[in-house]
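Accompanying notes for the structure given below.
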Amino acid sequence: MEFDKPFRSYQEQIQLLKKRGLIIQDEDFALSALNTISYYDLINRYKRYFMFEDDTFRENVSIEYLYNFFLFDKEIQSFIMKYSILVENIFKTKLSYTLAENFGVDVGGYLNKYNYDSSSKGSLTYLDVQCDIMKWLCSNQIKNPTKFYKNTHNHIPPWILLKNITLGSAINLFDFLKGDPKYECANALIPQDMSYDQKLNFILCSMNAIRDFRNCVAHNLHFTSLRISKKYSISPSIMWSLIREPLLERNKKKVTKDDRHSLNGLYGAMLSIMVFLYSPYLVSTFIQDFLLILNKESAYEEMYLKYAKITDMPLNIKERFINFFQQQFNYQ
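Following the working numbering, the residues of the sequence shown are numbered contiguously, the last one being 316.
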């Protein structure tokens, strides 16, 4: 059988790319790029943006440009990974505090089914969530610090258990939590003045969106094409009440069509992260880190604009963040 994706040496890959119209003037550089990043990550990952349907390249695309575009993409991904991990820590800290304060420090108390909603959410029930956590806790897969507490202490407090369970499991615990404890946790996560139902909607949608982007980075998937699923679509009106101008723009008292579209992509995840960071210090650090990435690419303005279009971010995102930073922190 003749395979449709045969092995090709690096030199053969270079000749194929030249044949398809990619500008390669320095073959040594091309060889270095292909044997480090790989053909798939450098070419196939971005082909929908830089190639025609007949697999030929658009005009004036060079291998150096693709290489720098890849590195810029990775910088954005590293930025998202850094702050999504921080948001995960914030979420788990506030959830574990709520569980310990209301139900105690033993698994038998804070995971007791009577503290959670018994109705199903889609195909999932709390008993499914509880069962998965307990199976993991009884297996040999657990890692420190939970493993250490299991072996050396007479209980595992929630602030330890939540260190090791997945973010998805932690989100599910919050989702099934009921009564005053859930209300307290929601207010701790979103201190701003808005209805309880709006807070719940935002927390569940945005935390799942942040988790999806974090997982996409962790597993080296197609980050630029990732969009927030309809199930976790972030309400523009709720986001507006939390963020407002200049990070979001409105027309006739509604978030603009372009910004509503942007909220379904990377920009929606970024604004969600900012809401959970909440602290002025963390928010200012987030903004400065992002602007530092953009400033590095000042010599590649077209590349930055291309990336913004591909990921559905506002084209004036740099100006928005600068204006927000100046307004919030009185910095000129």
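No residue lacks a Cβ here, since even glycine has one placed at the ideal position from N, Cα and C.
Under the DSSP definition of a beta bridge, which residues are partnered with R304?
Residue 304 sits at position 320 when you count from the first residue of the sequence shown. DSSP lists no partner for R304.
Contact between the segment 106 to 126 and the segment 180 to 188 (3+ Cβ pairs under 8 Å):
no
Leaving out five residues on either side along the sequence, give the residues of the same chain with a beta carbon under 7 Å from the beta carbon of A17.
For the purposes of this step, residue 17 is taken as the residue at position 33 of the sequence shown. Around A17: L26, I47, Y51.
Span of the alpha helix (DSSP H) around G106:
As a first step, residue 106 must be located in the sequence shown, where it is residue number 122. Per DSSP, G106 belongs to no alpha helix (DSSP H) and is neither H nor E.
Compare the C-beta of P298 with all C-beta atoms of chain D and state if any pair is closer than 8 Å.
Chain labels in this structure do not include chain D; a single protein chain is all it has.
Continuous alpha helix (DSSP H) stretch holding D112: start and end:
Reading the sequence shown from its first residue, position 128 is the one you call residue 112. Element bounds for D112: 110 to 121.
If S317 sits next to P175, beta carbons under 8 Å apart, how far is it from one beta carbon to the other, in whole angstroms?
This structure does not reach residue 317, given that the chain is present from -15 up to 316, and the question cannot be answered.
Tell me which residues share the same chain as I155 and place their Cβ nearer than 6 Å to its Cβ, disregarding the 5 neighbours each side in the sequence.
Numbered from 1 along the sequence shown, position 171 holds the residue referred to as residue 155. Cβ neighbours of I155 beyond the five flanking positions: M191.
Do you know how far the Cα of K131 is from the Cα of N138?
Taking the first residue of the sequence shown as position 1, residue 138 is located at position 154. Taking the first residue of the sequence shown as position 1, residue 131 is located at position 147. Straight-line Cα distance between these residues: approximately 12 Å.
Am I right that N248 and I212 are in contact with their C-beta atoms under 8 Å? What's the rounded C-beta distance?
The residue given as residue 248 occupies position 264 in the sequence shown. The residue given as residue 212 occupies position 228 in the sequence shown. Confirmed, about 5 Å.
Are the beta-carbon atoms belonging to R304 and L210 less than 8 Å from one another?
Walking along the sequence shown from the start, residue 304 turns up at place 320. Walking along the sequence shown from the start, residue 210 turns up at place 226. For R304 and L210, no; Cβs fall outside 8 Å.
Taking 7 Å as the limit between beta carbons, can you name the residues of its chain near T240, skipping five residues before and five after?
The residue given as residue 240 occupies position 256 in the sequence shown. The residues are E233, R234.
Using a 10 Å radius around the Cβ and a threshold of 16 neighbouring Cβ atoms, would you call Y61 buried or exposed?
Within the sequence shown, the letter at position 77 stands for residue 61. It is Gln, not Tyr, that sits at residue 61 in the sequence shown. When all chains shown are included, Q61 counts as buried.
Which residue marks the beginning of the alpha helix (DSSP H) containing I125, and which one marks its end?
The residue you call residue 125 lines up with position 141 of the sequence shown. With the sequence shown as reference, residue 125 is identified as Gln, and Ile is not the correct amino acid for it. Counting along the chain, Q125 falls outside any alpha helix (DSSP H), and DSSP gives it neither H nor E.
Enclosing alpha helix (DSSP H) for N73 [first to last residue]:
Against the sequence shown, residue 73 aligns to sequence position 89. From DSSP, the alpha helix (DSSP H) with N73 extends over 47 to 87.
Say whether the segment 71 to 88 touches the segment 158 to 176, bearing in mind that this needs 3 or more beta-carbon pairs closer than 8 Å, one atom from each stretch.
yes
Cα separation between T295 and N19?
Looking up residue 295 in the sequence shown gives position 311. Looking up residue 19 in the sequence shown gives position 35. Each residue's Cα considered, the two are about 27 Å apart.
Contact between the segment 3 to 10 and the segment 33 to 48 (3+ Cβ pairs under 8 Å):
yes
What three-state label does DSSP hand C169 in the structure shown?
Stepping through the sequence shown from its first residue, residue 169 is reached at position 185. Three-state result, C169: helix.
Contact set for K134: own chain, Cβ-Cβ below 7 Å, skip 5 residues either direction
To locate residue 134, count along the sequence shown from 1; it is residue 150. For K134, where only same-chain residues beyond five positions count, the Cβ hits under 7 Å are I126, I140.
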